[in-house]
Each structure stands twice: as C-alpha cells, then as structure tokens.
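Asks: Numbering (my numbering), first residue to last: 3 to 610.
Think of the CB as a built atom: it goes at the ideal place given N, C-alpha and C, for glycine as much as any other residue.
Keep in mind the model is a prediction, meaning the values are calculated, not measured.
(1) I'd like the ranges of any alpha helix (DSSP H) spanning at least 4 consecutive residues and lying wholly in the region 167 to 206.
(2) Residues in the same chain with beta-carbon distance under 6 Å from residue 164, minus the five sequence neighbours each way, listed in chain order, please.
(3) Using DSSP bridges, identify the partner residues of residue 489.
(4) Taking 8 Å as the threshold (C-beta atoms), are residue 320 and residue 313 in contact?
(5) Return the residue from the list 403, 358, 56 and 483 that minimises the CA-CA distance to residue 269.
(6) Following the continuous alpha helix (DSSP H) through residue 595, name the residue where it begins and the one where it ends.
(7) Report all residues from its chain with a CB closer than 8 Å to the CB of residue 471; omit the five preceding and five following residues, and keep chain order.
(8) For the beta strand (DSSP E) holding residue 440, just list the boundary residues, first then last.
(9) Under a three-way DSSP split, which group does residue 466 fall into?
(10) Could you give the DSSP three-state label for residue 444: helix, strand or coil?
(11) Helix, strand or coil for residue 93, going by three-state DSSP, please let me know.
(12) Which residue marks the beginning of the alpha helix (DSSP H) containing residue 364, and which one marks its end?
(13) For residue 132, which residues in the same chain have their Cβ closer than 8 Å to its Cβ, ignoring the five residues on either side in sequence?
(14) Which residue wins for smallest C-alpha separation from residue 517, given the options 138, 64, 550 and 262?
(15) By how many angstroms is the C-alpha of residue 412 removed from the C-alpha of residue 563?
(16) Leaving out the 5 sequence neighbours to the left and right, which residues in its chain are closer than 8 Å to residue 441 when beta-carbon positions are compared?
(17) What does DSSP give as the partner residue(s) for residue 339 in the beta ladder?
(18) Excluding the 5 residues flanking residue 90 on each side, which residues of the same chain have their C-beta closer than 7 Å to its C-beta?
(19) In the structure shown, what three-state DSSP assignment does residue 240 receive?
(20) Less than 6 Å between C-beta atoms, sequence neighbours within five positions excluded: which residues of the same chain meet that for residue 495?
(21) Which same chain residues, not among the five before or five after residue 405, have their C-beta less than 7 Å away from its C-beta?
(22) What is the residue span of the alpha helix (DSSP H) that residue 539 lies within?
(23) What is the rounded straight-line gap between the Cα of residue 369 and the Cα of residue 324?
(24) Around the C-beta of residue 255, are 16 or more other C-beta atoms found within 10 angstroms, so that it is buried, or is it exposed?
(25) Can you tell me the Cα-Cα spacing of residue 240 and residue 492, whole angstroms?
(26) Rounded to the nearest angstrom, what separates residue 523 and residue 467 at their Cα positions?
(27) By alpha-carbon positions, which one of 600, 577 and 596 ends up nearest to residue 98?
(28) Please name the residue, chosen from 167, 176, 156 and 244, that lies closest to residue 276 on a Cα-to-Cα basis.
(29) Do residue 189 and residue 169 have their C-beta atoms within less than 8 Å of each other?
(30) Please go through the same chain and pick out, in chain order, the residues whose beta-carbon is closer than 6 Å to the beta-carbon of residue 626, but skip the five residues on each side of it.
(31) Tell me which same chain residues have a C-beta within less than 8 Å of the C-beta of residue 101, skipping the five on either side of it?
(32) Starting from residue 407, follow the beta strand (DSSP E) in both directions and report where the run begins and ends.
(33) On a CA-only basis, which of 134, 439 and 73 is nearest residue 415? Give me that one, please.
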C-alpha cells in the first residue's frame, strides 16, 4: 500500500527524529537513552527544508504508539459496557478499575503518558522553528504548519480526555522539567479549537495517493465536529459533521464486511487514518531490541510497529475443536478482550448486517491430522487415548472445510449442545462432530462470562474488523491495516446526537436512519428505521456501540455523556463491583509524579 511520505522516509526518521527526541514533562528515565544517530542537531535543522520535512513527518509517528496498539484498547474499549477481559489480558486492572498500584499498570500508563507528551513536544518544536526554515514554496510551509496544528490539537485532546486537568504546553521543552502545571480542560479545548480553526485555512481537501495519511481539510472538520460534540457545542458539532457529509466524496459502504476488508483499506468511509505499511522496514523498530519494542515488555509501546488488532481479539480456536490447528487464515489468538453479552445483544442479526459482518462465529476444519477416531472401542487423538462415555456412541471424521466450531447467538437445545473432553477444553457435537457453543454457554443470565460451563478464556465470538490474511505468516504480530480515526459514519452519529440535543428531532432521525438503512440487510431497510419515540441518548450510545465498537472511542463516549458508571454497572459484571465516578479520569503514572520535587496533590482524585 502507499502511505504518507513517512513510508518513504521512515528509515531516515530513525536518524533525524531521535536527534530531536526532547524531554517532555517527566524528564525521567528512558527519554534520552536512545543512541544518538545523527550529527545534525536542533540548532541546524532549520537550515534544511529537506531535513525539516523529515521532522514534520516524525510528528505523526507518536500516533502509531497509540492507534492500533494494545494500550489504547485497554484504555478506551475494555472496562466499558462493550468489552471485558480475556485469558491473556496483561493488565486486568484497566479492565475492572482496580490494582492501579500494580507495576504493570503503572508502567503501561507511564509509557502512554510519555508517548503522548513526546508527540506534543515534537509538534511544539516544529511550530516553534518552522517560520525560520527557507522553504522555496511558502504554501508548503503553511500546509505543514497546518498539519502540525491539527496534530497538536489531537495530542492535547487525547491528553485531557484521558487525564483531565494536567500539564499543558504549547512551547517546546529542551531541558528537563521538574514541575508541572494543572491546567483546566477548558484551556485545552480553547487551544484545540484555535489550532483546528487556523489549520483548516491551509489544508487541502485531499492528497495524492503517495501522501495518503497526511491531515486534510475534511479531517480537521471531522475533528471539529467531534470536539464540539464533546464540549456540548451542538450547533457547531452539527455544522461541521454535515460539512464532512455533504462537501466531499465520502460515502457509506453498502456492504459492512467490505468496509473492513484488508484489500479495501483506503475506502470511501475513511476521512482520516493513521497509516501503516507491510514493509518490514517500517513495521519493526531497531530503537531498543530485535522484537520491535520501543519500551520494555511492560510498556508495550511499539512506535513503528503495525496495527496489532488482528491478534488482540482472537481466541484459541485450536483448543476448542480437534478439527482446528493454528494457521494464518484463522489467526494467532492473544485473547486480550471478550465482548460483553450486552454488545452481542445490541445487534438484531435478522435485519442488521453489522452482527455477522462484525463477529466471526464459524470456524472451518483446517486440519487433516488431528481428527478424533474410534479405534477398537477406544477413543484416540494422534495416538493418545481419551476416555469418553459409551452412551455417546461417538464417531467423528473431520474433513478439511467441514464446520469445526459454531457459536450461536441464540440458545440451542441441550440435545444439540457440545460435549467436552475430559480436560474441559476441546468440544464436539454428539452426531455432527463440530463444537456448538450457544449464548448460555458463553454467558450467565446476569451477563457475566460463564466460567463454569466453558472457560471465558477460550470461547466467544471474535471481531472480524482486524483480520489480515495477507500478512507474511502466522507469527506476524503486526499488519499493514490502517487505523481509521475518523469515519464518515461517525459524522452521521454526531449530526444525529447534536440535532437531537438541539431539539431538531426530524433532522436527528434523518441522520441516524440514513446510517441505519445503509447498515441494513438487503430488503430490511424499513425495519432498521427508528421513530421519534425511540430516539434518546441511550439509543445514540447503543448505535455508536454497534457502529464503532473497538474503534477507540467507547470510554470517552461514556464519560462525556455521564454514562460511564451507569452503563458499566448495568452491562459489565466484571467491572461493575469496582467502577466509581472518579474513574472517568485515569490515574497519572506515579513515576511522573515522583520526578517532581513537590508532588503533593498532583494525582487525580480518588487514586491517592
């Protein structure tokens, strides 16, 4: 795929960017431990437009430390009404709002803090120097300045939405800081709106394919729509959302599954994306170790690594059916998060294509070796004898392509249920052979994962939004899939919510029904439409869940609407006992506080 010029110069970014890797707020361990790889320094970067272009491109790189990485989903999706933790989750405290003194949570939050402030500082450096750079074409300089203002707004937005009233800076820092300000969120947003309004005057509507991923005018307007919605400026939110809908060439895909196809990354719904490449030069980092870790294993930050979504939401399907072995087609399951029963139930699969388009619920036999057989009255798998009740009269012969696993969203009669092996892992149907797991096997009546019947660690339908069968091999943990930050469908949702809050019910219904009709199964458009009596903030949040699940907004949606505690208590039994109002802000990592001589009272409320 083509990407922003980042992909043509990422190897040079390693040289130039590290030369300008400046201390952010913490100024503590790790920030300048990288090898100095260039003789160019911050005093001479202004002399060369070419070198400065590399620096401006490097300002995008921190986006790759957030989007498409494990930390972002722990902080934005799990622990909400939509997702809880799975077997391999490395930081359950983020998912259930507990154990925040745990070293794992502290280091991972510290890594996130460092990266976002590093990105902010890089942008501030560029904006501080850019007017001194001798660009031959002043319009290029103005455009780059506009890109940087957008990125600054974006880093400020993430910082204040995660941590609230924390350190605010619009000037670069080149020395270690030992103090930090407490700036109100309103000030962050004043700067966000200022930067975005100034940026949109110089941004183009689009770029050539070889610069795909740079900030555009519709990206700035989409961000303005979202930011105004968050600040309850509903007139402006609706205005900018409708500008993006009506003034450009974006459109809703008529096939939900096609929207997430790996060969359709740059589709008509993508307003702006953080792009990745399948070239190993750009998906592995040499900054610290051969595995591509920018920080240590706990920090989990991979600045240049590709999108990791394809492994994060998988299950260990090979442990559920004898007809399955791990392969590239079905993925390498890390099992980080499990959908809540509430999320599964949000979809009406009879009329809404997003359920089967979002969740994989069938696996097909891919193994010719591990097939269960009766031999001489005994039950063997690959030569190993297993006990099995005689009453089952069991005989299974899988063929490649046969159904091996089937998850049912609806209850299945007991006679049709799966039978489990003595180790309570692999399962089969008594006559059909394949494993049938229904909604009651997956969840208890209260929505909690049904650990007594089948361990939640293995068995649940998985999101298909990140599948990538084009990666090199099974073990490849990153992919070329871009992370779409703004989709046109979000603009319809923003317009609907803003118009509803303004009292314009007709316009709100038009926006949300346009989206729902596009997501309907063919011939079910009328059934997907809603009426005025159904329209309220909870329906909007439900629709945002159906449309945007896993797309890095759920926690923010619940906090901005004041629904975090209510919805988590109602729909996430794992997190419900722990969630408190103060959890709407995340804790400030302790190592940042410890770096300041006078750190009294800097932690966010509730975490002391």
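Replies: Taking the geometry as given:
(1) The DSSP assignment places complete alpha helix (DSSP H) segments of no fewer than 4 residues inside the region 167 to 206 at 187 to 201, in order along the chain.
(2) 588
(3) 272
(4) no
(5) Comparing alpha carbon positions, the residue from 403, 358, 56 and 483 closest to residue 269 is 483.
(6) For residue 595, the enclosing alpha helix (DSSP H) stretches over residues 592 to 596.
(7) 264, 330 and 331
(8) Taken as a continuous stretch (DSSP letters only), the beta strand (DSSP E) holding residue 440 covers 437 to 440.
(9) coil
(10) helix
(11) coil
(12) Taken as a continuous stretch (DSSP letters only), residue 364 belongs to no alpha helix (DSSP H), being part of the beta strand (DSSP E) at 364 to 366.
(13) Closer than 8 Å at the Cβ level, and outside the excluded window around residue 132, lie 54, 58, 143, 146, 147 and 150.
(14) 550
(15) 31 Å
(16) 343, 346, 410, 411, 412 and 413
(17) 87
(18) Correct list, in chain order: 336, 337 and 338.
(19) helix
(20) In its chain, beyond the 5 residues on either side, 546 have a beta carbon closer than 6 Å to the beta carbon of residue 495.
(21) 364, 366 and 436
(22) Element bounds for residue 539: 539 to 550.
(23) Cα-Cα distance, rounded: 8 Å.
(24) buried
(25) 12 Å
(26) 18 Å
(27) 577
(28) Closest by C-alpha distance to residue 276, out of 167, 176, 156 and 244, is 156.
(29) no
(30) Given that the chain is displayed from residue 3 to residue 610, the structure contains no residue 626 and the question cannot be resolved.
(31) 94, 95 and 107
(32) 405 to 410
(33) 439
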